Amino acid sequence: MNDRKRAKANKGNPLDYAVSTRDGGTLDMVKAAIAHKEVMLAYQPIVQSAAPHKVAFYEGLIRVLDETGRVIPAKDFMGSVSDTEAGRDLDCLALELGLRALNKNPGLRLSVNMSARSIGYRRWMRTLQNGIKRRSDTAERLILEISEPSAMQVPELVMDFMDELQPKGIAFALDDYASELTSFRYFKDFFFDILKIDGQFTRNISADRENQVLAGAMATIAHEFDIFTVATRVENRADAAMLGQLGFHCLQGFLFGAPTVNPPWDKDNLQERVA
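Residue numbers (our numbering): 79 to 353.
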């Protein structure tokens, strides 16, 4: 739809027009970045709560470059593309970049985000299969993160997908847990290896008694099911100490490092883009 048609369609609703124009522009930017291979990963450390100087693994977060060369974080575009073909393309490119990093760095353990929309997508599966063939230990160092809202859209498909890949050594993390209406049945129905608690329960937790109770309960239940726990959006030492006391295995947040396209293992300090 061109701008004139869009304006006509939204003539009586300026807010809808503003949103549709923004989303259309964002989608075009992402498509252009994909077409020109201007896509990369930014890496953020996840540290051990008992020894914050030790990195347990890294998360690879997808980034695109706009026409000026600025690095654009996923939060600024994923909402506009998640249900489009471009969203699938980004899943494939994130996996390709992550597998390349794992194959080049044998000491690296890395999580890569994906959506349930990519399950069964031939290009994504081909990328995975080709990537884990290059080194015998690659699969064991790969973690696939699926957000709770995405997993709950097609739970049976996600369960079958995990059953297929976990025997190969690939681990699965449930991201954004408790970001929406959450059922504790998920602990029983799914066999996730890692649970990442949504940041709304962890930020300023040292001063929030209610969140201490809720986050502590989630950590306790996860431990009973032998699920590794990660608290996200940790931004100060008081919160880090509280989350450690509540039993979280690992912590992630700006306190320990912001996502960077220049990871510490990249000696040339230049992040490789998609070939």
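Beta carbons: idealized from backbone N, C-alpha and C, even for Gly. The structure presented is a predicted model; accordingly, all values stated were derived computationally and were not measured.
Contact annotation: residue 142 and residue 174 have beta-carbon atoms that are not nearer than 9 Å. Taking C-beta atoms as the reference points, residue 323 and residue 124 fail to come closer than 9 Å. With fewer than three CB-CB distances shorter than 8 Å, the segment 227–240 does not count as touching the segment 201–211. The C-beta of residue 151 has fewer than 16 other C-beta atoms within 10 Å across all chains shown, which makes the residue exposed.
Proximity of the segment 309–321 to the segment 106–120 falls short of the contact definition, fewer than three beta-carbon pairs being nearer than 8 Å. Close CB contacts of residue 183 within its chain, under the 7 Å cut and outside five residues either way in sequence, are with 343 (chain order).
Around the Cβ of residue 304, a 10 Å sphere holds fewer than 16 other Cβ atoms; the residue is exposed.
Using a Cβ-Cβ distance cut-off of 8 Å, the segment 243–252 and the segment 280–300 are not in contact, since fewer than three pairs of beta carbons, one from each stretch, lie closer than that value. Per DSSP, the beta-bridge partners of residue 192 are 224. For residue 170, the CB contacts under 6 Å within the same chain, skipping 5 residues up- and downstream, are 201, 202, 205 in chain order.
Counting every other CB atom within 10 Å of its CB across the protein chains shown gives residue 146 a total below 16, marking it as exposed. About 13 Å separates the beta carbon of residue 320 from that of residue 275, a gap too long to meet the 8 Å contact definition.
By alpha-carbon distance to residue 135, the top candidate from 193, 270, 162, 122 is 122.
Closest by C-alpha distance to residue 130, out of 338, 333, 337, 223, is 333.
Boundaries of the alpha helix (DSSP H) harbouring residue 159: 156–159, taken from the DSSP string.
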